[in-house]
Every structure is written in C-alpha cells, then in structure tokens.
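This report concerns only the one structure given below.
Given below as structure tokens:
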C-alpha cells in the first residue's frame, strides 16, 4: 500500500488505524546515508548499522548523532567503548551493510577493517571515518537519541556514500 492509497488528499492523524504504515512510508521517503558503528570491547568486536545517523549537530565541538531502538541488544554493549568508530559506508558496501546488521552471522568475518589503538573499528574504503566518544543519550519514545563528539576524522577519496531510501539501497546520481 502506498502513502497515496492511505491518505489520498489529507494527512493521517497518528491515532488513525493506518498511521503506523503512513509513518513508516513517510520516514522511508527520506533518503539517508548508512553508518556502521563499531569498536572492540574486552577483545570482542561489536558493531551495528544505523540509517538514522546525522552530521552537523555542532561544529564546535564537532558532534554527530543517531538513534537506536530500545530493543537493541548490541547498543548496551557497544556504548561501553571509550571510542566508537563510525564508517559512513560507501556505495560498494551494500553487502557489508547486510553483514554488519545481521543477527545470525559473524558481523565482521571477511571484512577489511582498520583498528587504531583507541579500540574504534572502521570499514576500509568507507566514504568517511569518524572516531567518536559518547556525550549523552536521551530517551525518545521507542528509541534513544545518542549524541557523540567527534575526536578524529578521515574523509575518503572519491567514494560516494551508500544511500538508504524507500527500504532499499541506492546510489547518488548527479543532476
């Protein structure tokens, strides 16, 4: 069912029976980059993927943010890291994204990774690397919003980012 079929000419109130579908459709209509967040904690690599990642929260100090579902079993472990590596995945990373978000297989097996002494983990050939530390976490409905301070940055050379839009991966095209 498309958004047009749910609401042909009017907005759908959040109490409407079709509201969940309309909200999911509306949120899916907004294209976003895909970020892999990873670190090593007590000798174990821990990582997750987020399409709710946002940059430019602050430039001084540099801050970014993302949201994570309250039901996540990965985030309670990952947030223990002193530094978290954020890799803005490149357009060639669609399979890596599936792997890093898997609930049933090793999220890191066979991936080309970079791991500095800080314990942050980065995916090679990502469009951007950001090493971050957690500044705060705020409850927000069925999610938490996490604010991170950037402590180090690397911009890739010519890699276009992986885009998530309409429940699938896409690539940028010039207009």
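Residue numbers (this note's numbering): 168 to 342. Ideal placement from N, C-alpha and C gives every residue a C-beta, glycine not left out.
query	result
Within the chosen definition, does the region 231-239 reach the region 295-313 through at least 3 CB pairs nearer than 8 Å?	yes
At what residues does the alpha helix (DSSP H) containing residue 243 begin and finish?	242-245
In angstroms, rounded to a whole number, what distance separates the CA positions of residue 245 and residue 179?	37 Å
How many Å lie between residue 281 and residue 182 at the Cα?	47 Å
According to DSSP, simplified to helix, strand and coil, what is residue 282?	coil
Considering Cα atoms alone, identify which of 190, 336, 264 is closest to residue 205.	264
Kindly give me the distance between the Cβ atoms of residue 296 and residue 254, rounded to whole angstroms, as I take these residues to be in contact under 8 Å.	6 Å
Secondary structure at residue 314, three-state DSSP: helix, strand or coil?	strand
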